[in-house]
Amino acid sequence: MGGGAGETGQPAPVRTLLVWCPDWPVIAAEIVDGVPASTPVAVLHANRVLACSTAARAEGVRRGLRKREAQSRCPQLIVVDHDPGRDARAFESVVAAIEEVAAGVEVIRPGVCALAARGPARYFGGEEQAAERIVEHVAQTCLVESQIGIADGLFAAGLAARTGQIVPPGDAPKFLADLPVEALGRPPLTDLLRRLGLRTLADFAALPAGDVLARFGFDAALAHQLAAGRDHRRLAVRRPPPDLAVTETYDEPLDRVDAAAFAARALAERLHETLSGHALACTRLGIEAVTEHGQELHRVWRHDGLLSSAAIADRVRWQLDGWLSGTNRRPGAGGRVAPSRPTSGIIRLRLIPDGLLAQAGLQPGLWGETGAERDRAHRALSRVQGILGPESVLTAVLGGGRSDADRARLVPWGDERTPGRPAEPPWPGRLPPPAPAVVLAAPLPAAVYDDAGEPVTVTARLQVSAAPARLVVGTAAPVEIVGWAGPWPLDERWWAPAESRRRARFQVRLADGGALLLSLAGGQWAVEAVYD
Amino acid sequence: MAGRMTVGSAALADLVRPASAPDAAGAYRTLPVLPELIGLLPNRGLRRGSTVAVGTGQPARSGGTSLLLALLAEASRAGSWCAVVGVPTLGMVAAAELGIALDRLALVPHPGPEWATVVAALIDGVDVVVIAVPGTVSATVTDRLAARARQRGSVLLPYGQWAGADVTLQVVAGAWEGLGQGRGRLRRREVTVSARGRGAAARPKEVKVWMPGDDATRVVKPVGGTRTAGSSAAWPEPVSRRTPLTLVGP
C-alpha cells in the first residue's frame, strides 16, 4: 500500500468495501408500497426516469427518459413517484443487516453504503469471503440483492461494485484507467472533457493537476484526483441510533397486576435514566406485555409532558388491569381486535419510548395548564382510557365548517387538539347562534307534508312548494309544524364529487314545543339536529 | 421562636380559617352556576359531593340538554374539569357558545356495560361528572356512586331518572321565540325549570329563564305580570341587568 502514498505525501487510500443494491428506488417501492419489482417499474422524478426495474430495462426504458417516451416503449410500465424518504426508510433494514456482520458502515446514499474492508476481510479470512458473507446475509435477512466492489478508495470501489469486482491493492489507477470519463458522474465536466478529446479516466488523470485546477476549478481538481486513483477521503461512519426501549424478562411469570406494576416501576426507572442520559423526553410510550403462552398486548399511551416513573407504572397497571380482569375492549371499542384474556402469567415487559424530543424543547404551560387539578383529571381520564381503550375518551375541538357536525371535531383524549378545518376563512352559510344542543350523528330520515297532505319540495330556484305543516319522523305520529324558516341553501365541496353535499336547511318549530333543524337533500328530508 | 411561629401562621392564613367564619361564597365547597339557576339549588351552586339530577324534559325536546349545558357552563368557565358520559349527541358548538371550556370537557360517548366503573373512575379526578342514565339503575349502584362523589368532592350530574338525588331539576315547559311562518329564526326560548329534592331543597321551586339569552341565560319576568310568553309580538326588552329571581310555583 506504500506505493499510493508516493508523490503528494498524503496517506494511502483506504481499502474500501462498497455494497451496492441495484435499482434501489424500485426495490424500495416494492418493500414499502408493494409494487412488484419483477414487473416493468419505473421511478420518476420531475417527469424523468430516475430508476427502472430489469424488466423495464429489457423493454428499452432508460434513465433520463421522459415519462411519455418510457410509456411508449413499454406500455405496461408501472410508474412510481420518487420518494427519497421511502428509499432511506427501506434501506435502513439493509444497513442494519450489514451492521450485524461488519462494523463501521457509512451510508453514501439510499442503496449504497461502504465500510472499511480490512476488518471483515481479516475476520472472515479474505476479502472474497467477506464479500460473499455480506451479500448472503443481506439476501437472507432483507431479501435484497446486492453487489460488492472492493478497491482502494471509495470512488474505485463504487465503480468496482458495478461489475462486482475485487480490485487488488494498489491496482486502482490501472482499474480506473480504461473507464470512460462519464464514470466521474459530473455531466458538465465530462461533456467538456469529451469535446477536448479526453475519453478515458487515464487521459484525464494524465493532465497536470495544477492546470486542471486553474482551468476547471475545485470540483474538477477533486475529480482529477479521483480519476488518478488518489481517493483520500475517510469513511464517515454512521453511529447506530441508540436503542432506548427497555425490556425485562421474568423467570417467574407475573400473574397478579400489582406484581406486574411493581416490576414496571423498576423498568420505568431504567427508562427514565436512559432517556435523561440522552437528554430526551418521550411524548408517547408503548407498553408491551408478553405472556408465557406467547400472547401479546401492546398499547401506546400519549402524554403531553414527561412521564414520571410512577406515571409509567400506573399506565402499566391500568393496561394490565383491563387485560387480566378481562373487562376492557368490549367488541367494537376503538375498532381494534380485542385480545382474549391471557391464559398465563406475564414473562416479559417492554417499554418503548416514542415521539422523542429534546428535553429542553419540552415546554409545559405556565398558567392554568398546570396544577394539581389538571393532573388529577388527567389521571382519571387516562384511567378510563385504560378501561375502555384510548379512543373512547374524546375531547372536542372547534374548527371551521357550515354545520355543527363539521365544526366540532372529536379527538382522543391526549392527542393533539387540531381542528378539522381551519376556523380562519369565513364560512358563509353557517347558521347563527343558538346552536342546537343535540347534534345527531346520522341524520334521521323524515317526511314533511303541507296542508293538503302533499310532500313539501324545494325547486332549484329555492322556491318552497307550500308551507310545511306536518312532520313525520320514522314511524312516529305526525307532529304539526307551527313555525318554520328556510330554505337556507348549502352547496359544499362541489368540486370534489365524492364529498359534495348540496342541501337546503330549515328550522321548524313544532306544536309540542320542540324545535328541529331539518335538511332536504335530493328530495329526502332528514332531521339534522334538535334544539333541545 | 415566637416570632418564627407568627411568620409560620401568617403563611397559613390563606389556607386555614376558623370553622365559625363564613366560607367566602363557599368557594371551596361549591361550584358556581349561572346566576339565573342559583335560586333552584339549595347551596346557591353545585355543592361538592352532591348529586344534582337533570330530568329529561317531560315533553320531549323541551330543553333538558340545554339545561345540562347551562349547569356546567359557569363551573367550567371558572376552571373546573367536566366529563360527560353516555351522551353521544351532545352539541359541542352549543356547549362552546354557553361558555364551556372544551379543553376541560371530556366525553365518553359509549361507556358500555362498564359505565359504573367508568363513572367511579371519573369521580376520582373530575369535578363535574354528567352521566346519561342507561335505563333503570339499581339503588345499590346509585348509592355507591353518590357516596363516592361525596367522599371525593365531585358533583354527580345524572341526566335522566335517578333515585336519591339531592336535587332534581326538570324542564317543565319550553317555548321558542323568533320563528314565524317562513321567516325569522330561532332566537331564544323561555324555559320553565322546576326543582324538587330533599333536605334543604324539599320545597319545590320553579323559575322561568331565557335559554339561551343574549350572551347567557336571562331571567324572564315573573309570570302573572303584564306579559305572557309568546303572546306579544314585541321582543322582551333585552334584560342586561340581572333582575332578582322570582319564585313562580307554590
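Chains as they are written, first to last, in the working numbering: chain A, 1 to 532; chain B, 1001 to 1250. Virtual Cβ for every residue (Gly too), placed ideally from N, Cα, C.
The beta carbon of Pro422/A sits closer than 7 angstroms to those of Gly399, Gly400, all from its chain and outside the five residues before and after it, given in chain order. Using a Cβ-Cβ cut-off of 8 angstroms, Val1126/B counts as an interface residue toward chain A, since at least one Cβ of chain A sits closer than that to its own. The Cβ of Ala1202/B sits no closer than 8 angstroms to any Cβ of chain A. Using a CB distance cut-off of 8 angstroms, Asp451/A does not count as an interface residue toward chain B. Residue range 127-142 is occupied by the alpha helix (DSSP H) that includes Glu132/A.
As DSSP reads the structure, Gln147/A sits in a beta bridge with Trp20/A. As the crow flies, the alpha-carbon of Ala1121/B is around 58 angstroms from that of Cys52/A. Here DSSP, grouped into helix, strand and coil, assigns Ile31/A to helix.
Within chain B, Met1092, Leu1107, Pro1109 have C-beta atoms less than 9 angstroms from the C-beta of Leu410/A, given in sequence order. For Val438/A and Ala264/A, the gap between their C-alpha atoms comes out near 43 angstroms. For Pro487/A, the enclosing beta strand (DSSP E) has its first and last residue at 479-492. For Ala408/A, the closest C-alpha among the options Ala1146/B, Ala1200/B, Thr1089/B, Arg1189/B is that of Thr1089/B.
Under the three-state reduction of DSSP output, Thr395/A falls in the strand class. If you ignore the 5 residues before and after Thr247/A, its C-beta comes within less than 6 angstroms of the C-beta of Arg350, all in its own chain and listed in chain order. In terms of Cβ geometry, Ala1083/B and Val1141/B do not form a close pair [threshold 8 angstroms]. For Ile1123/B, the enclosing alpha helix (DSSP H) starts and ends at 1115-1123.
The shortest C-alpha to C-alpha distance from Arg48/A to any of Leu394/A, Val41/A, Arg63/A is the one to Arg63/A.
In the structure shown, Asp83/A adopts coil according to DSSP, grouped into three states.
Under the DSSP assignment, Val257/A falls in the alpha helix (DSSP H) whose first and last residues are 257-277.
Here the C-alpha atom of Gln524/A lies approximately 28 angstroms from the C-alpha atom of Pro1109/B. Contact between the region 72-88 of chain A and the region 205-215 of chain A is absent, with fewer than three C-beta pairs closer than 8 angstroms. Gln147/A and Ala161/A have their C-alpha atoms roughly 6 angstroms apart. If you check each beta-carbon in the region 515-531 of chain A against every beta-carbon of chain B, the ones closer than 8 angstroms belong to Ala515, Leu516, Ala529, Val530, Tyr531.
Apart from sequence neighbours up to five positions away, the residues of its chain that approach Trp20/A with a beta-carbon distance below 8 angstroms are Gly111, Val112, Ser146, Gln147, Ile148, Gly149, Gly158, Ala161, Arg162, ordered along the chain. A contact between stretches requires three or more CB pairs, one per stretch, nearer than 8 angstroms, and the region 450-461 of chain A fails this requirement with the region 417-435 of chain A. Contact holds between the region 1170-1177 of chain B and the region 504-518 of chain A, because three or more Cβ pairs, one in each stretch, are under 8 angstroms apart. It is roughly 10 angstroms from the alpha-carbon of Ala396/A to the alpha-carbon of Ala1101/B.
Ala1173, Gly1174, Ala1175, Trp1176, Leu1179: these are the residues of the region 1145-1179 of chain B whose beta carbon lies less than 8 angstroms from some beta carbon of chain A, given in chain order. At a Cβ-Cβ threshold of 8 angstroms, Val1085/B and Trp1115/B count as neighbours. In the three-state DSSP reduction, Ala55/A falls in the helix class (H, G or I).
Pro253/A sits close to Glu292/A, with the two beta carbons spaced by under 8 angstroms. The region 463-482 of chain A makes no contact with the region 1029-1043 of chain B: fewer than 3 CB pairs, one atom from each, lie closer than 8 angstroms. In the DSSP annotation of this structure, the continuous segment of the beta strand (DSSP E) that includes Thr291/A starts and ends at 280-291.
Looking at the DSSP output, Thr1192/B sits in a beta bridge with Ala1173/B, Lys1208/B.
In the structure shown, the three-state DSSP call for Trp427/A is coil.
Here DSSP, grouped into helix, strand and coil, assigns Ser344/A to coil.
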